[in-house]
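Asks:
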Amino acid sequence: GLTEKLSNAFKKLRGKGRLTEADVKEAMREIRMALLEADVSYKVVKDFVSKVSERAVGSDVLESLTPAQMIVKIVNEELTALMGGEDAKLTISSKPPTVVMLVGLQGAGKTTNGAKLAGLMKKQGKRPLLAACDIYRPAAIEQLEVVGSQLDIPVFQMGQISPVDIARAAVEHAQKHGSDMVFLDTAGRLHVDEELMMELQDIKNAVEPDEILLVVDAMIGQDAVNAAKAFDDALDLTGVMLTKLDGDARGGAALSIRAVTGKPIKFVGMGEKLDQVEVFHPDRMASRILGMGDVLSLIEKAQESFDLKKAQELEQRLRKNKFTLTDFYDQLTQVKNMGSLSDIAGMLPGVDAKALEGASVDESALGRTEAIILSMTPAEREEPSILNNSRKKRIAAGAGVQVVDVNRLLKQFDAMRQMTKQMTSPRMKKLAKKGRF
Ligand code: GDP
Ligand code: MG
2 GLTEKLSNAF KKLRGKGRLT EADVKEAMRE IRMALLEADV SYKVVKDFVS KVSERAVGSD
62 VLESLTPAQM IVKIVNEELT ALMGGEDAKL TISSKPPTVV MLVGLQGAGK TTNGAKLAGL
122 MKKQGKRPLL AACDIYRPAA IEQLEVVGSQ LDIPVFQMGQ ISPVDIARAA VEHAQKHGSD
182 MVFLDTAGRL HVDEELMMEL QDIKNAVEPD EILLVVDAMI GQDAVNAAKA FDDALDLTGV
242 MLTKLDGDAR GGAALSIRAV TGKPIKFVGM GEKLDQVEVF HPDRMASRIL GMGDVLSLIE
302 KAQESFDLKK AQELEQRLRK NKFTLTDFYD QLTQVKNMGS LSDIAGMLPG VDAKALEGAS
362 VDESALGRTE AIILSMTPAE REEPSILNNS RKKRIAAGAG VQVVDVNRLL KQFDAMRQMT
422 KQMTSPRMKK LAKKGRF
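Sequential numbering of the sequence shown, starting at 2, is according to my numbering.
Have a look at this one:
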């Protein structure tokens, strides 16, 4: 999938001190392939890649201490911008009823998601009406009546007569009966065709909708983009609703639709249930496409200062339940450059950062820690549980510190042991398998 491809592209960037121009080129080549394979249209990919490259191959990235982070940041920002940048809203008419027309291919989710939107508006205090303008199958009218009754929203239908007449009558009905919004559920076809477009244009001309929303199945990729262009050319859409995002779709369609039509994605359908609808958030979609979230920033941070080989050795020892104060000392030296332990731990899923509060490392503390650990016998370093009071006193004297310092160190050691245990938990291993760690 796209996420995997992108994460592979990023993985190659990690663990390098600096990015060369060749690195950026190589990463961009892979990002381009990944986007194309996710059904993003060629021109969109081309523009996107050149925009990102332009920013990435600047001196900022090349001379940055965290070049991989820079690239991720740029890709994320440009994805967000490509999908519209800001959240969009439904236009509400100053002269009710507001008319919302739902169009799209058969099976895209017009009927279900029109009802979902009406339900959403009802929750916001509106009085919506659903209108059955898909007259080609009696089952379509029935389906609208079923979802309408589930949401307790009235459904206007006149059987299988001209959809233009139904639309006009529905708006009049709404005016008379105090409905302030009308959602027109229209017919679809398996493919874009002239006859359908003419019918939709006739409805548009008859009732002049405030919104013409194209309902698009996110799973159908490039076809969705072609359909979007055809519907936009014929109807001048006001926005798009992307459905079935609860499935495997990684957002390739979302990426190009906005760029190709210039029309905002306003809502997304997240499931078959009638409350599974959300306002579209471009930044969240970008994260979904990148698929990495906080874990990614943790990896970036960790990879810069963590010696991977040592980490692997450590994992081996942890597996054998053999994490010693000697390992602890090694780790402390390494995490010194990563910020405080609680910062790091806070980015790990399922780790309670509070447990590690105050466990940050500073230079002088590190010196004391070194002295304390060096004052221990090898047996004590291997097995800190044997440290009774008299041993602690001896160690404190040898290191030139107080017993309380020895105890604090042991407490930090315990916290570290807890944290590293969690880093090698099944959950983290699963992420590792997915190439996320
Ligand atoms: P229409 O032909 O465009 O009116 O499409 P429908 O509203 O009848 O939906 C077609 C199918 O897609 C139905 O089985 C819906 O339950 C399903 N569906 C619609 N939206 C979503 C969604 O967001 N997620 C999932 N999983 N299924 C959806
Ligand atoms: Mg339908």
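We put the CB at the ideal spot given by N, CA and C, even for glycine.
Could you tell me the distance, in whole angstroms, from the CA atom of Thr239 to the CA atom of Phe157?
Replies: Computed Cα separation, rounded: 24 Å.
Asks: Which one of Ile373, Gly189, Val241 has the shortest CA to CA distance from Phe329?
Replies: The shortest Cα separation from Phe329 among Ile373, Gly189, Val241 belongs to Ile373.
Asks: Check this for me: beta carbons of Leu131 and Ala140, under 8 Å apart or not?
Replies: Contact: no.
Asks: Whose C-alpha, out of Leu106, Pro385, Ala397, is nearest the C-alpha of Lys412?
Replies: Ranking Leu106, Pro385, Ala397 by Cα distance to Lys412 puts Pro385 first.
Asks: Which of helix, strand or coil does DSSP assign to Leu246?
Replies: Coil.
Asks: Can you tell me whether Phe49 is helix, strand or coil according to DSSP?
Replies: Phe49 falls in the helix class under three-state DSSP.
Asks: Could you check whether Pro98 and Asp203 sit closer than 8 Å to each other, using their CB atoms as the reference points?
Replies: No, Cβ-Cβ distance for Asp203 and Pro98 is not below 8 Å.
Asks: With DSSP collapsed to three states, give me the class of Ile162.
Replies: If DSSP states are grouped into helix, strand and coil, Ile162 belongs with coil.
Asks: Roughly how many angstroms lie between the CA atoms of Thr244 and Arg169, to the nearest whole one?
Replies: Their backbone Cα atoms lie some 27 Å apart in a straight line.
Asks: Give me the Cβ distance between Gln107 and Gly189, rounded to the nearest whole Å; I'm assuming they're in contact under 8 Å.
Replies: Contact holds; Cβ gap of about 4 Å.
Asks: Please determine, among Asp284, Leu375, Glu79, Ala380, the residue with the shortest C-alpha to C-alpha distance to Arg56.
Replies: Checked all of Asp284, Leu375, Glu79, Ala380; the closest Cα to Arg56 is Glu79.
Asks: Could you check what DSSP says for Lys205 in three-state terms: helix, strand or coil?
Replies: Of the three classes helix, strand and coil, the one that applies to Lys205 here is helix, per DSSP.
Asks: Which one or two residues does DSSP pair with Gly108 in a beta bridge?
Replies: Its beta-bridge partners do not exist; DSSP assigns none.
Asks: Would you list the one or two residues that DSSP bridges to Leu103?
Replies: Beta-bridge pairing links Leu103 to Asp186, Leu214.
Asks: Using a threshold of 7 Å, is the CB atom of Ala255 nearer than that to any non-hydrogen atom of ligand 2?
Replies: No, ligand 2 has no heavy atom inside 7 Å of this Cβ.
Asks: How is the beta strand (DSSP E) around Ala132 delimited, first residue to last?
Replies: Here the beta strand (DSSP E) through Ala132 covers 129-134.
Asks: Taking all protein chains shown into account, do 16 or more other C-beta atoms lie within 10 angstroms of the C-beta of Lys205, making it buried, or fewer, making it exposed?
Replies: The residue is buried, with at least 16 neighbouring Cβ atoms inside 10 Å.
Asks: Which residues have their C-beta within less than 7 Å of a heavy atom of ligand 2, listed in chain order?
Replies: Qualifying residues come out as Lys111, Thr112, Asp135, Ala141, Gln144, Asp186, Gly189.
Asks: What residue does the alpha helix (DSSP H) around Gly149 start on, and which one ends it?
Replies: Taken as a continuous stretch (DSSP letters only), the alpha helix (DSSP H) holding Gly149 covers 139-152.
Asks: Look at the alpha carbon of Asp442 and the alpha carbon of Ile142, and state the distance between them as a whole number of angstroms.
Replies: No answer is possible for residue 442: the residues shown for the chain start at 2 and end at 438.
Asks: Looking only at DSSP bridge pairs, what is Ile373 linked to?
Replies: DSSP output for Ile373 lists no bridge partner at all.
Asks: Measuring alpha carbon to alpha carbon, tell me which of Gln144, Cys134, Leu145, Val148 ends up nearest Ser163.
Replies: With distances taken between Cα atoms, Ser163 lies closest to Cys134.
Asks: Over what stretch of residues does the alpha helix (DSSP H) that includes Val193 continue unbroken?
Replies: Unbroken run through Val193: none, as it is neither H nor E.
Asks: Quick check on Leu191: buried or exposed, where buried means 16 or more other Cβ atoms within 10 Å of its Cβ?
Replies: So Leu191 ends up on the exposed side.
Asks: Have a look at Gly160 and Leu256 and give me their C-alpha separation to the nearest angstrom.
Replies: Approximately 38 Å between the Cα atoms of the pair.
Asks: Does the distance between the C-beta of Glu200 and the nearest non-hydrogen atom of ligand 1 fall short of 7 Å?
Replies: No.
Asks: If you follow the beta strand (DSSP E) that Gly126 is part of, which residue opens it and which one closes it?
Replies: That residue, Gly126, is in no beta strand (DSSP E); it is neither H nor E in DSSP.
Asks: Taking 8 Å as the cut-off, decide whether the C-beta atoms of Lys267 and Ala89 are in contact.
Replies: Yes; because the gap between Cβ atoms is below 8 Å, this pair is in contact.
Asks: Would you mind working out which of Leu37, Val41, Lys52 sits nearest Val25, comparing C-alpha positions?
Replies: Out of Leu37, Val41, Lys52, Lys52 has the C-alpha closest to the C-alpha of Val25.
Asks: According to the neighbour-count rule (16 or more other Cβ atoms, all chains shown, within 10 Å of its Cβ), is Ala175 buried or exposed?
Replies: Looking at its Cβ environment, which holds 16 or more other Cβ atoms inside 10 Å, Ala175 is buried.
Asks: Have a look at Arg418 and Val269 and give me their C-alpha separation to the nearest angstrom.
Replies: Computed Cα separation, rounded: 43 Å.
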